[in-house]
Each structure stands twice: as C-alpha cells, then as structure tokens.
Amino acid sequence: METTLIAAVSASLGVIGKSLVDSFFKRRETNYEISKRYSRPILLAASELQARLWEITQRQAPSSNPLFLQANDSEPYSSTYSMTRKHFLVSTVYLFGKYFAYIEILKKKAQFLELRKINNSRSFSVLIKAVERTLAETELRKKSKIRSDRQLFKLQQAYIGEKLMIENGGEMLCMSFAEFYDQFDSVFSKLQDFEDLIEILTRAVSKEQEDFCLTRCCLLGNALVDLINFLDPSNQYVSKMDREKVTVPGLEAYMQ
53 METTLIAAVS
63 ASLGVIGKSL
73 VDSFFKRRET
83 NYEISKRYSR
93 PILLAASELQ
103 ARLWEITQRQ
113 APSSNPLFLQ
123 ANDSEPYSST
133 YSMTRKHFLV
143 STVYLFGKYF
153 AYIEILKKKA
163 QFLELRKINN
173 SRSFSVLIKA
183 VERTLAETEL
193 RKKSKIRSDR
203 QLFKLQQAYI
213 GEKLMIENGG
223 EMLCMSFAEF
233 YDQFDSVFSK
243 LQDFEDLIEI
253 LTRAVSKEQE
263 DFCLTRCCLL
273 GNALVDLINF
283 LDPSNQYVSK
293 MDREKVTVPG
303 LEAYMQ
C-alpha cells in the first residue's frame, strides 16, 4: 500500500515530490528501527523497576519496620538480610532513573509523535503515557477523597532520566549503578525532583491512611506490567511469574 502511495504521489509531484515522499517513508522506517532498538532496554528497565515496586508494595509497605524508614542508613536490616536503608533507597531511585532515561533516549532519538503511526508504535506510546500518568495525575486520584499526596510530573520524570543519560561512542545510554551511587550524596540527593521521588517512596510505606503514594506505586507497577506484556508477549525475556499485578489499596472506596 505504501509503495502504491509513493508511486501515486510521485507521479503528481515529479522528481522533487518523489524525493520528499521517499524521505518521509525513510524517516518513518528509521524511527521504527529506533523504537525496536530501544524496546529491549526499556523492557529490561521496566521489568527491574516493576520487581522493585512489587517488593515495596507487597513486602515493605505491610512491614512494621520497612527499610525506607530505618533510622540508620548503613546498618543491615537484620541478621538474615544484609541490605541497608541507603543501598535499598539509592538502588530504587536508580531503577526509576534508568527507566526514565531510556524513555527520554527513545524520545530524543526518534520523532516520537510519528511513532504513533507505525505498526504497533501507537500502542507503545499509549502504554508509556499510562506509566507516566500514574506518577503525575490519574483519574483515580481525581475521584479519591484523599488529599495527602506527592506527584512526579512529566517534566520531572524527564529531568531525572536526563540526569542519568551519558554518551558512549556516539550512543546515548544510562549511567551505571556504580556511577550513580558514587554521586548520589553529592549530586542527586540534593536535586528537588529526586527529593520528590524519594518522598513518594517514603510515604508509600509510612502507614498513613490518608496518603495516595502507596496507591501510586501500585498503579505504577501494574502499568509497567502492561508495558512488559506488550514488549515481551511470548515471555522470552521476562518470565510470566515475574509480571504480577497487585491489588490497588482502597480501590472500591475511591470509586464510590
């Protein structure tokens, strides 16, 4: 169909028109290839973040002594679990940043609006937007009576992602965890958007009944599962058991 369209338009516009049309379809193909190239890093980043959100919402939030609320940053959580508050917090923030970074790299590499017209790329864009909105604004949040909340808006997510982006051999990548960890105290922990993200995570496990942050984390994890299912429908890279959706707390009450 596209070949027929090119021929029809070229006949009408001549050589110049053919050049323009060829350029348009070449650009579309390039954007499609870019989306394919970055879909796997996005899949893996989404899977890692979703797994951590499951840990936060299903184990840490119900715990009487969650890691995020430990008084000592460097003390092991228990005799059988050597994780420290700092390592758990910094690694969680990194997993958010890694996902945001690869989303921003895709947007910068491709003309993202055009991706909506290429094969399944419109669905890809819709799912990415759904993930983004769980941290920014949701219909559920609007319907809820809870007023205590912390949001992370679209440009805040983009900022966090861009801060983790590095260039290596002409390719844009996300910095390593070691690089991020070494700079966390001196750089990242002092930036407002990172502080807002940390507040969401802390409040999600705080046991405050009138707070929406735990719900946000549950919604985000579920939205990531939808994205993972889209990017890996055959369970080739992420096993089916590692893409479990969670119950959103208080959902029925919010919808009344």
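According to the numbering used here, the sequence shown is numbered sequentially starting from 53. Glycine included, C-beta positions come from ideal geometry on N, C-alpha and C.
Tell me the residue span of the beta strand (DSSP E) that contains residue i.
i    : result
L225 : 223 to 226
Residue i lies in the alpha helix (DSSP H); which residues open and close that run?
i    : result
N274 : 265 to 283
E219 : Not the alpha helix (DSSP H): E219 falls in the beta strand (DSSP E), residues 217 to 220.
S143 : 137 to 161
Y233 : 229 to 236
A256 : 244 to 256
Given a cut-off of 9 Å on the beta-carbon distance, is the pair residue i and residue j in contact?
i    : j    : result
F152 : A188 : no
L141 : Y129 : no
S99  : V298 : no
Q208 : D245 : yes
T109 : Q122 : no
Y146 : F229 : yes
L249 : I218 : no
R268 : T186 : yes
V300 : L271 : yes
L9   : A162 : Limits of the chain in this structure are 53 at one end and 308 at the other, which puts residue 9 out of reach.
Could you say which of the options lies nearest to residue i if we only look at CA atoms?
i    : options                : result
L101 : N274, S200, S286, F246 : N274
C241 : T144, A113, T109       : Note that residue 241 is Ser in the sequence shown, not Cys. The option with the nearest alpha carbon to S241 is T144.
N310 : A182, I157, L105       : With the chain covering 53 to 308 only, the question about residue 310 has no answer from this structure.
V277 : R255, P114, A97        : A97
R255 : S175, P114, A162       : P114
Q203 : E251, V257, S258       : E251
Determine the direct distance from the alpha carbon of residue j to that of residue i, and round the result to whole angstroms.
i    : j    : result
L95  : I180 : 11 Å
L283 : S91  : 7 Å
N287 : L266 : 28 Å
E184 : E214 : 15 Å
F236 : K88  : 32 Å
Y133 : E127 : 11 Å
E81  : K160 : Any reading at E81 needs caution, since the residue's pLDDT is 48, under 50, leaving its predicted position unreliable; the model's value is listed next. So the two alpha carbons sit approximately 16 Å from each other.
M293 : D201 : 31 Å
L253 : W106 : 12 Å
N281 : S177 : 14 Å
N117 : N124 : 12 Å
A103 : G149 : 15 Å
M224 : I86  : 12 Å
R174 : E231 : 34 Å
C226 : Y154 : 7 Å
S258 : G222 : 43 Å
R111 : Y233 : 24 Å
K138 : L243 : 17 Å
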